[in-house]
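Keeping their order, the protein sequence lines are chains B and D.
Residue numbers for the first sequence, in the numbering used here: 1 to 202.
Residue numbers for the second sequence, in the numbering used here: 203 to 404.
Here the structure comes first, spelled out in C-alpha cells, and everything after it is commentary.
Number of protein chains: 2
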Amino acid sequence: MPTFEIFRTLPEQIAARLQQDILAGQLQPGDPLREVDLSERFGVSRGPVREAFRQLVQQGLLVLEPNKGVRVAPNPSDEMRPLVVQLRRTIEVFVLESIFDRITADDIAVWDEILDDIKSACESNDLNALTDHDLRFHQAIVKSHDDRDLFTLWQPIAMRMMMQYNRLDDLMESYREHKRILDAIRAGDQWAAIEALSTNIQ
Amino acid sequence: MPTFEIFRTLPEQIAARLQQDILAGQLQPGDPLREVDLSERFGVSRGPVREAFRQLVQQGLLVLEPNKGVRVAPNPSDEMRPLVVQLRRTIEVFVLESIFDRITADDIAVWDEILDDIKSACESNDLNALTDHDLRFHQAIVKSHDDRDLFTLWQPIAMRMMMQYNRLDDLMESYREHKRILDAIRAGDQWAAIEALSTNIQ
DNA sequence: GCGCTGTAGTTTGTCGACGAAATCTGGCGC
DNA sequence: GCGCCAGATTTCGTCGACAAACTACAGCGC
C-alpha cells in the first residue's frame, strides 16, 4: 500500500507523472519503459502501471509494440505539425465561441491564477514549468465547456504539440500571448480573444 | 494493407467486437457493461476485457465512472457535430493532399474491394454492414498515410460521427458518394477527390 | 569468418483471488 | 406509509503468480 495520499485513481496518478517526465524531456523519444521498473518505483503492482501505459499510448505519448512493451513516442514529424496546429485551433476556438457569453468571474479567476504561474515560469526561465502551466491554461479553457467529451477529443491533439515545445526563443513571449488572450476575454472582445488564441497556437 | 483485419492481441479483438455492437446499435447509449459478463462471454479473464474497455473509453464509445464501471457513451450533442465534421474533414483532406501523387494501383484495388462491399450493403439495405464498410473505407485511406500516428488521431474523431450514422434516407447515396471519391482519385483529379470527400463527410 | 540454431534469461500477456467501494435489500423507527 | 440505517450482495480495483513471446548469446556447421 502506497504511503502517499490518493487523489485520483492509481493509473491516473502514474500516467500524470509519466506525462510530466515525457514532456519535460526526462524521458526521451525511443526510451523503453518496463512495467516492473515503474511498478517498483511507484510501489504498486504491474496492473495500474499497465493501465497508465495504455492511457498514454492513446494520448500519443507512448507507442506500443505487442509483446515488446512501450517506448516514448517519437516527436511528430514536421509534415504533421500544420495539421495538428489546425486541429487544436479548431477545437479551442470552438470552445471560446460556444462559451464566450457564459464565462463567469470564477472562470477568469482560475485562469488568472494559472497566468500567474506562467509568468513565474517565464521569469525564472523554467521551460519545464512553463510547458506544464501552458498545458494547464488551455486545459482549463477546454474543460470549461459543458461537454466533458470535448476534453478527451482535445487531449491527444494537444499532446502532439506539447511534445515539441520549443517554438519561442524568448519565454516571456509566452506570458504575453496568454495575457493577451485573457485580457481580451475580460474585456468581452470575442474577436480579439480568438485572434490571440490562434496566435498562441502554432 | 491486408484486406481483412489482423488482430494481434486479445484486448484488440474484444474491443473490435464491442465497437461493432455499439455502432450497430445492439448496445444502446447508457447501457452498462460488466467485466465478468464479457469475460465469460469471450471465454477470457477480466484483464483483457478491462483493457478493451479502456481503449474504447479513449475512443469515446464508452464512458468510465471510477468504481462504477463503464457505460455506452451518449451520442454526441448536436452542438458538437459541426466541430467533429470539421475535424474529420481536416484530417482526411490532409491525408488525400499529402499522398495523392503517391497512390498506387494496389491502394486503389483495396479501396475498390471495400467499395464493392459498400455497394452490396446499400443494395441489401443493411445499415449495419454499411456503417462497418463505410468505416473501413475511410480507415483504409487514413492508414495509407506513412505516419501511422495519424490514424490514432483520426480514430476517436471518426468514432464520434459513426455513433450517429443516420444521415441518409437513401442508402444507395452512400455508395454513389464513395464511388465519386474513388473515381476522382483514379482519374488523378485531386480537386474533385477532395471535393467528393468533403461532401461525404457531414 | 558467417549464418543458423537452440537455449537461457528477460519482459509482456493472462489468469484467479482478495480487498474496497458502490448498490441493493430488508427491517426498524416514526 | 415514508425515510433512514445496516447488512448482504454485486462490481470494480489491485495484487502476485504462471504462461507465452521475445531477445541475447553461445555453440555448431559450413
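Note that the Cβ used here is the ideal one computed from N, Cα and C, for glycine as well.
Since the structure is predicted, the reported quantities are computational estimates derived from the model, not experimental observations.
Here Pro234(D) is actually not in contact with Arg290(D); their C-beta atoms are around 29 Å apart, not less than 8 Å. For Glu375(D), the closest Cβ of chain B is not nearer than 8 Å. Taking 3 residues as the minimum length, the beta strand (DSSP E) runs contained wholly in the segment 235 to 301 of chain D are 264 to 267, 271 to 274, in order along the chain. Annotation: Tyr165(B) to Phe353(D) spans about 23 Å, alpha carbon to alpha carbon.
Rounded to whole angstroms, the gap between the alpha carbons of Asp21(B) and Gln28(B) is 9 Å. With respect to the C-alpha of Asp149(B), the residue from Arg362(D), Arg350(D), Gln357(D) having the closest C-alpha is Arg362(D).
In this structure the segment 328 to 348 of chain D does not touch the segment 37 to 56 of chain B; the number of beta carbon pairs closer than 8 Å is below three.
Per the C-alpha coordinates, the member of Ala389(D), Ser346(D), Pro276(D), Glu214(D) positioned closest to Ser300(D) is Ser346(D). Separation of Val95(B) and Ile141(B) (C-alpha to C-alpha, rounded to the nearest whole angstrom) is 8 Å. The Cβ neighbour count for Glu325(D), taken over all protein chains shown within 10 Å, is under 16; the residue is labelled exposed. Chain-order list of chain B residues neighbouring Ser300(D): Glu79, by C-beta distance under 8 Å.
Note on Gln55(B): 16 or more other CB atoms within 10 angstroms of its CB, so buried under the neighbour-count rule. Rounded to the nearest whole angstrom, the CA to CA distance from Ala15(B) to Ile194(B) is 31 Å. For His133(B), the enclosing alpha helix (DSSP H) stretches over residues 127 to 143. Under the DSSP assignment, Pro156(B) falls in the alpha helix (DSSP H) whose first and last residues are 149 to 162. From the listed residues Arg388(D), Glu214(D), Ala386(D), Leu399(D), the smallest Cα separation to Ser376(D) is found for Leu399(D). DSSP places Asp106(B) inside the alpha helix (DSSP H), whose first and last residues are 105 to 123. Identification of chain B residues near Asp349(D) by a Cβ-Cβ cut-off of 7 Å yields Ser77, Met80, ordered along the chain. Per the C-alpha coordinates, the member of Asp183(B), Glu177(B), Leu168(B) positioned closest to Thr199(B) is Glu177(B). Sequence-ordered contacts of the segment 254 to 281 of chain D with chain B read Arg256, Gln257, Val259, Gln260, Gln261, Gly262, Val265, Pro268, Asn269, Ala275, Pro276, Pro278, Ser279, Glu281 [C-beta pairs closer than 9 Å].
Within chain B, Leu83 have C-beta atoms less than 7 Å from the C-beta of Phe296(D), given in sequence order.
Here the alpha carbon of Trp313(D) sits roughly 24 Å from the alpha carbon of Met80(B). Setting aside the 5 residues that flank it on each side, Ile383(D) is surrounded in the same chain by Ala395, Ala398, Leu399, Asn402, each with a C-beta closer than 7 Å to its C-beta; the list follows chain order. Contact check for Pro213(D) against Pro250(D) passes: the beta carbons are separated by less than 8 Å. Excluding sequence positions up to five before and after Leu38(B), its CB lies within less than 6 Å of the CB of Val49, all in the same chain and listed in chain order. For Gln288(D), the chain B residues whose Cβ falls inside 7 Å of its Cβ are Thr90, in order along the chain.
Under the DSSP assignment, Asn402(D) falls in the alpha helix (DSSP H) whose first and last residues are 392 to 402. Ile320(D) has its alpha-carbon roughly 7 Å from the corresponding atom of Asp336(D).
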